[in-house]
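A.B. asks: Structure below; questions to follow.
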Amino acid sequence: MSNPGSATRPSRLMPLAVAGAAALAVAGGTLFYYAAKTAKGPEKGAVYTVTVNAKGCEPNTLTVPAGRTTFEIVNASDRTLEWEILDGVMVVEERENIAPGFRSSLTAKLNPGTFEIACGLLSNPRGTLTVTPSASSEAEKTKPPLKAFIGPLSEYRVYIGLQSSALVKDTQKLADAIKAGDLNGARLAYVAARLPYKRIESVSSRIADLENRIDPVAAYFEKREDDPGFAGFHRIEYGLYSLNSTDGLAPFADALVADVTALKARLKEMKLVPEDLATSAARQARRLAEDTVPNGDNRYGFTDLADFTANLDGMEKSVSLLYPLIEVAKPDVAKAVKDGFADTRAALVMSGNASYQTVDTATRKKLSAAFTTLAERIETINTAIGME
Amino acid sequence: MTIKHLFGATALSFFLTTSAFAESATLDLVEPIAEYKIYVSEKLEKLVEDTTAFTAAVKAGDVAKAKALFAPTRLSYEAIEPIAELFSDLDVAIDSRADDYEKAEADPEFPGFHRIEYGLWEKNSTAELGPVADKLLADVTELSKRINDLTFPPEKVVGGAAVLMEEVAATKISGEEDRYSHTDLWDFRGNFDGAYKIVELVRPLIEKKEGAFLKTVDANFAKVDTILAKYKEGDGYVTYEKLTEDDRKVLSTAVNTLAEDLSTLRGKLGLD
Amino acid sequence: MSRDRLADASASVDENRRQVLKGLGLAAFGCPFAGAAAQAATAPARHMTDAPVANVASAEDRVPFFGKHQAGITTPRPANGMIAAFDVIAETPDDLEALLKLITNRIAFLTEGGTLPELDPRLPPADSGIVGPVVKPDALTITVSLGSSLFDGREWLKPLKPRHLSRMKKFPNDALDAALCHGDITIQICANTQDTTIHALRDIIKNTSRHLTLKWKQEGNVPVILPPLGGVAESARNYLGFRDGTANPDSGDEAVMERVVWVGAGRGEPEWAVGGAYQAVRIIRNFVERWDRTPLKEQERIFGRTKMGGAPLDKPEAGEFATPDYAADPEGKLTPLDSHIRLANDRTPAAAENTILRRPFNYSNGVTKSGQLDQGLLFICYQGDLEKGFITVQRRLDGEPLEEYIKPIGGGYFYTLPGVRDASDYLGSTLIAAVRKAP
């Protein structure tokens, strides 16, 4: 679970934990332990500083013991960057939207193994992170049985399967409209095809290679829109909305169809663990709060509000599967999470279907705050049900 | 079994179980359970489609067509019975028998498939069946919606294989289920297919350790297949009355052995 | 043996009795039925739902017939019991009086025992003869109750119907068979041996043929166990292998029985009914083959008790008579909220309002059309308020997980007549007097 606690963000864990502790004093020892643990605030573990400059990470090789570890990422480049820990092509943890000259911290609970770290521009060489076994990672092996999560994970798998099938179908429609030269039809198909993608983004974004082909924004390429590597949804969006034409988009559409088809197959192979149901949703909420909501992803079509609603639907699907367990373990956490979804949805509904261009900074801040609150609440789930 | 219980049981198994089945073994069930839900969803789609045609025939007063559609329509329901039965109100509304009512067939409460079956075969008429047909379609549609919204409890899915055999053993082998139409062999087909699907889905998980067990189970399914094949007619089966006493005994033995064997499936997969 | 005493409002305590039994060991079991009045001063009667103990029942056991209440309700269950339901042919109060007097006489004789009259051998014999020339009491009790239909079908009886007496309605899991339901009158017959119960039934049928036609009957039994080690009596098991009756109220405590079982003045019942009780009967088929193929843990979760020991799940080592502490387990982590015993009695003071006295027997009939065993529970219970008692408890159980394994197929609601005070009285005398007094 990622760390909510940069100093500027007031933590909501505190009041929640206090209320929880009061309720649990009657309920007995085991749960009180969790409340007490939460009341102290999440543990940060050892802190490592990584500086990212225009060419890569410094240091480029790190060795840390398993367990909670905090990374301080210093952006010494002149571009806004994201920093990721990758297991093969899977994103384990990430911090996005670190402005030039700023630092951001990320706390991750790492299992033993070898990971890569992404360092700024996609073209930069990746660093290596080695996680060695520790006492806590050995103890972790005796965590509670997973049987209770089989049902929720299966249901989520069905959901991902249905949405990724819809994604392939809808992307094909987009490609068809582009090839038919139907600009208006292609724009509608663009918005439609992004919905299933956004519903599963909290997991599909972990498949880094495909994510970088399907949904990168121009800002992550050296030459931005003119970069030959710029492809995927936003390249098509750029054509449809900025250049007002379907011309030249067919190869991008075909590649996108191939990529989402590959994504569907990769998602079918993906094995989720119980923690993922909450952590991927929380990670998605943070990504929205910190990057997508303030800046917008669809910089040419400004169709972001539809994306956000689809994101929220997908997050709510995975988290709601845990409700029966959370309600038994910690009803107050269940209520806070449900309220968080309701509040975020209400904030989205207030913005309606407007072009995101017309959504002012104040409104974006409110939306962003709603997603931050939601992320913080979702981050309490795994602790509440004894997963951490 | 109600939904209320399911969630209770899910939460409970999470807190109570201490026996440590390997993590990977347990999470390996995610895929079969997800696949099973997709199987059930497809059957439900077919059930709604078929029930729409069946009830339309009933409402149009077309006795011959309604009779022809009765057994094929039920096939999808019978295959997913362990999940359908989780919603006891709908199971009663869709598939209860005259025995469940004090005044049997004459009971005004007697609903669903078997009420229509009674009208079609015993009275050779669709009289009074219009409202029953409307209700059946509404109930089947509602069932489809509820199941699609349901998180499948793994122990119910795995246990479902045995449940299907228990149903046949306890109340179907006698021919009581479709007592007016004698289309029981169709129902059996659905029940066996549904049970076999579950075995197929979990097979990779137990294959290594339970080879002998799977061999016995497969042999019994094969025995059932052989007998059913003898009674095939067109896309379906002949009337249950044609089943010979000897074949009925073999079927009965196979079903009971399958029920015994499949009842251990949950335990083998670490689901008590 | 720790058995928590519930709040005073509750009627579920049998602690002293158990303790005494433990202390006395087997001595307490000697002839449990005979001379109840004399023995009560020194050794208590046994708990009503304790399993009968092997080798202590005797053909000479005699349960007194006369008393304020009928026998066979708070009387410890012997090994055999049955319910027979009849329809009554009685057009006038005189007809009904004649029937009730006749039954009274038969019961008085059968429960007391005696030598049968010898008739001219050219005539049919006076008796079936299946127990020989001398009828032994054999702990026989015969308990007579009236059904709603008896009152409903007769204008002169209608106004006198007990307020909660009604025709049993279908509960959601029921598959009631009309041939096993209701009746104008039920006769519960219990005795040490099956021969005695069957003999009594045949005697009554033979002698009352003018007034009664048999509608249905169900026999049952209670497993007899070996004398318990250490003297702690155990509750008998049902055909699902679980103990039944553990949480029954103390049938030996008269104050508790007044509160739970007997209709007294002040319950708003007709005056004639004082001293009687409501009887609920259910024939509940058990799907035993399927049950035997159900994982043990699931069986235990369904009941809320351990199977072998019978202890509540939150105190699995504490023994059968430990009281579960549901307040400490509000989410049902130890004892699922929908387990049978927790739904039936959640151990709150409010639930004490719904206490019933259960007196069930197991039955084993034969084979179903599908070639499975036809076994189950002949459930019988008694209470002073049918609505607050059985009906409320059953409504709470509606939808319980156990329903997958059981199917109620018959039974009904009846009103058990007050007792016969002495040889000059007869069963239902207060009812007949009330009919005659009516305008």
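Chains as they are written, first to last, in UniProt numbering: chain A, 1 to 388; chain B, 1 to 272; chain C, 1 to 439. Ideal placement from N, C-alpha and C gives every residue a C-beta, glycine not left out. Nothing here was measured: the structure is a model prediction, and the numbers come from that model.
(1) Pick out the complete alpha helix (DSSP H) segments inside the region 292 to 363 of chain C, 4 residues or longer, and give them in chain order.
(2) Within 10 angstroms of the Cβ of Gln-284 of chain A, are there 16 or more other Cβ atoms? Answer buried if so, exposed if not.
(3) Using beta carbons (cut-off 8 Å, strictly below), is residue 485 of chain C in contact with chain B?
(4) For the region 49 to 81 of chain A, list the beta strand (DSSP E) runs that are entirely contained and at least 3 residues long, ordered along the chain.
(5) On the CB-based measure, 16 or more other CB atoms within 10 Å of its CB, does Ala-350 of chain C come out buried or exposed?
(6) Residues in its own chain within less than 6 Å of Thr-303 of chain A by CB, not counting five upstream and five downstream?
(7) Cα-Cα, which of A:Gly-229, A:Ala-253, A:Leu-305 is closest to Leu-240 of chain A?
(8) If we define contact as Cβ-Cβ less than 8 Å, is residue 332 of chain B a contact residue for chain C?
(9) For Phe-109 of chain C, name the three-state secondary structure that DSSP assigns.
(10) Hey, does Ile-173 of chain B have any beta-carbon neighbour from chain C nearer than 8 Å?
(11) As a quick exercise: from B:Pro-82, B:Lys-242, B:Asp-28, pick the residue whose alpha carbon is nearest that of Leu-143 of chain B.
(12) With H, G and I counted as helix, E and B as strand and the rest as coil, what does DSSP make of Phe-171 of chain C?
(13) If we call anything under 8 Å between Cβ atoms a contact, is Leu-81 of chain A one with Gly-56 of chain A?
(14) Between Phe-171 of chain C and Leu-160 of chain C, is the Cβ-Cβ spacing less than 8 Å?
(15) Indicate whether Pro-312 of chain C and Pro-324 of chain C have their beta-carbon atoms separated by less than 8 Å.
(16) My parser needs the beta strand (DSSP E) runs of 3 or more residues fully inside the region 127 to 171 of chain C; what are they?
(17) Note the first and the last residue of the continuous beta strand (DSSP E) segment covering Tyr-415 of chain C.
(18) Considering Cα atoms alone, identify which of C:Pro-133, C:Arg-358, C:Leu-431, C:Gly-376 is closest to Gly-389 of chain C.
(19) Please list, in chain order, the chain B residues whose beta carbon lies closer than 7 Å to that of Arg-290 of chain C.
(20) Mind listing which residues of the region 243 to 271 of chain B have their C-beta closer than 7 Å to chain C's C-betas, in chain order?
(21) So with CB distances below 8 Å, who are the chain C contacts of Asp-99 of chain B?
(22) By a C-beta neighbour count over all protein chains shown, 10 Å radius and 16 as the cutoff for buried, is Val-158 of chain B buried or exposed?
(23) Comparing the CB of Ala-84 of chain C with every heavy atom of the ligand ADP, is any distance shorter than 7 Å?
(24) Mind checking Asp-120 of chain C: buried by the 16 CB within 10 Å criterion, or exposed?
(25) Label Arg-436 of chain C either buried or exposed according to how many other C-beta atoms from any shown protein chain fall within 10 Å of its C-beta, with 16 as the threshold for buried.
(26) Measure the beta-carbon distance from Leu-146 of chain C to Phe-414 of chain C and round it to whole angstroms, keeping in mind my assumption that it falls under 8 Å.
(27) If we ignore side chains and look at the alpha-carbon of each, how far apart do Tyr-197 of chain A and Val-64 of chain A end up?
(28) Taking only three categories from DSSP, how would you classify Ile-189 of chain C?
(29) Any residues in the UniProt domain "Dyp-type peroxidase N-terminal" (70 to 220) of chain C with a beta carbon nearer than 9 Å to a beta carbon of chain B? Which ones, in chain order?
(30) Determine which residues share a DSSP beta bridge with Thr-107 of chain A and list them.
(31) How big is the Cα-Cα spacing for Asp-398 of chain C and Thr-115 of chain C?
(32) In chain C, which residues lie with their C-beta within 9 Å of the C-beta of Lys-123 of chain B?
(33) If we call anything under 8 Å between Cβ atoms a contact, is residue 480 of chain C one with Ala-51 of chain C?
(34) Assign Glu-118 of chain C to buried or exposed, taking buried as 16 or more other Cβ atoms, counted over all protein chains shown, within 10 Å of its Cβ.
(35) Would you check if the distance between the CB atom of Gly-67 of chain A and the CB atom of Pro-153 of chain B is smaller than 8 Å?
(36) So which residues of chain C does Lys-103 of chain B contact, with C-beta pairs closer than 7 Å?
C.D. replies: Let me lay it out:
(1) 296 to 303, 340 to 344, 349 to 352
(2) If you number the first sequence from 1, residue 284 of chain A lands on position 284. By the 10 Å Cβ count, Gln-284 of chain A comes out buried.
(3) Because chain C in this structure spans residues 1 to 439, residue 485 of chain C falls outside the shown range and cannot be described.
(4) 56 to 58, 61 to 65, 67 to 75
(5) Here residue 350 of chain C refers to the residue found at position 350 when the third sequence is read from its first residue. Classification for Ala-350 of chain C: exposed.
(6) As a position in the first sequence, residue 303 of chain A is number 303, starting the count at 1. Hits under 6 Å: Val-191.
(7) As a position in the first sequence, residue 240 of chain A is number 240, starting the count at 1. Checking every option, the nearest Cα to that of Leu-240 of chain A belongs to A:Ala-253.
(8) Outside the shown range of chain B (1 to 272) lies residue 332 of chain B, about which nothing can therefore be said.
(9) One-based indexing of the third sequence puts residue 109 of chain C at position 109. Helix.
(10) Reading the second sequence from its first residue, position 173 is the one you call residue 173 of chain B. It does: the Cβ of Ile-173 of chain B has a partner Cβ on chain C nearer than 8 Å.
(11) Here residue 143 of chain B refers to the residue found at position 143 when the second sequence is read from its first residue. Cα-wise, what sits closest to Leu-143 of chain B is B:Pro-82.
(12) Counting from one through the third sequence, the residue named residue 171 of chain C turns up at place 171. Coil, per DSSP.
(13) Here residue 81 of chain A refers to the residue found at position 81 of the first sequence. Here residue 56 of chain A refers to the residue found at position 56 of the first sequence. Not in contact: Leu-81 of chain A and Gly-56 of chain A (Cβ atoms no closer than 8 Å).
(14) Position 171 of the third sequence, counted from the start, is the residue given in the question as residue 171 of chain C. Position 160 of the third sequence, counted from the start, is the residue given in the question as residue 160 of chain C. No, the pair does not count as a contact, with Cβ atoms beyond the cut-off.
(15) As a first step, residue 312 of chain C must be located in the third sequence, where it is residue number 312. As a first step, residue 324 of chain C must be located in the third sequence, where it is residue number 324. Yes, the Cβ-Cβ distance between Pro-312 of chain C and Pro-324 of chain C is below 8 Å.
(16) 141 to 147
(17) The sequence position of residue 415 of chain C within the third sequence is 415, counting from 1. Per DSSP, Tyr-415 of chain C belongs to the beta strand (DSSP E) from 406 to 416.
(18) On the third sequence, position 389 is the one that residue 389 of chain C refers to. Comparing Cα-Cα distances from Gly-389 of chain C to each of C:Pro-133, C:Arg-358, C:Leu-431, C:Gly-376, the minimum goes to C:Arg-358.
(19) Counting from 1 along the third sequence, the entry for residue 290 of chain C is found at position 290. Under the 7 Å cutoff, chain B gives Glu-166, Ala-170.
(20) Ser-252, Ala-259, Glu-260, Ser-263, Arg-266, Gly-267
(21) Within the second sequence, the letter at position 99 stands for residue 99 of chain B. Per Cβ cutoff of 8 Å: Ala-175, Asp-177.
(22) Counted from its first residue, the second sequence places residue 158 of chain B at position 158. Buried is the call here.
(23) Absent from the structure shown: the ligand ADP. Ligands present: none.
(24) Translated into the one-based positions of the third sequence, residue 120 of chain C becomes position 120. Counting Cβ neighbours within 10 Å, Asp-120 of chain C comes out exposed, since fewer than 16 surround it.
(25) Mapped onto the third sequence, residue 436 of chain C falls at position 436. Burial call: exposed.
(26) Within the third sequence, numbered from 1, the residue matching residue 146 of chain C stands at position 146. Within the third sequence, numbered from 1, the residue matching residue 414 of chain C stands at position 414. Confirmed, Cβ separation roughly 6 Å.
(27) Translated into positions along the first sequence, residue 197 of chain A becomes position 197. Translated into positions along the first sequence, residue 64 of chain A becomes position 64. The alpha-carbon atoms of Tyr-197 of chain A and Val-64 of chain A are separated by roughly 35 Å.
(28) Along the third sequence, one-based indexing puts residue 189 of chain C at 189. Residue state, collapsed to three classes: strand.
(29) Lys-170, Pro-172, Asn-173, Asp-174, Ala-175, Leu-176, Asp-177, Ala-178, Cys-181
(30) Translated into the one-based positions of the first sequence, residue 107 of chain A becomes position 107. Paired residues: A:Thr-70.
(31) The residue labelled residue 398 of chain C in the question sits at position 398 within the third sequence. The residue labelled residue 115 of chain C in the question sits at position 115 within the third sequence. Cα to Cα, the separation comes out at about 50 Å.
(32) Residue 123 of chain B sits at position 123 when you count from the first residue of the second sequence. Near Lys-123 of chain B there are no residues of chain C at all, since even the closest Cβ is about 21 Å away, more than 9 Å.
(33) Because chain C here runs from 1 to 439, residue 480 of chain C falls outside it and cannot be looked at.
(34) The sequence position of residue 118 of chain C within the third sequence is 118, counting from 1. So Glu-118 of chain C ends up on the exposed side.
(35) For the purposes of this step, residue 67 of chain A is taken as residue 67 along the first sequence, with counting starting at 1. For the purposes of this step, residue 153 of chain B is taken as residue 153 along the second sequence, with counting starting at 1. Their beta carbons are not under 8 Å apart, which means Gly-67 of chain A does not touch Pro-153 of chain B by this criterion.
(36) To locate residue 103 of chain B, count along the second sequence from 1; it is residue 103. Those within 7 Å of Lys-103 of chain B in chain C are Ala-178.
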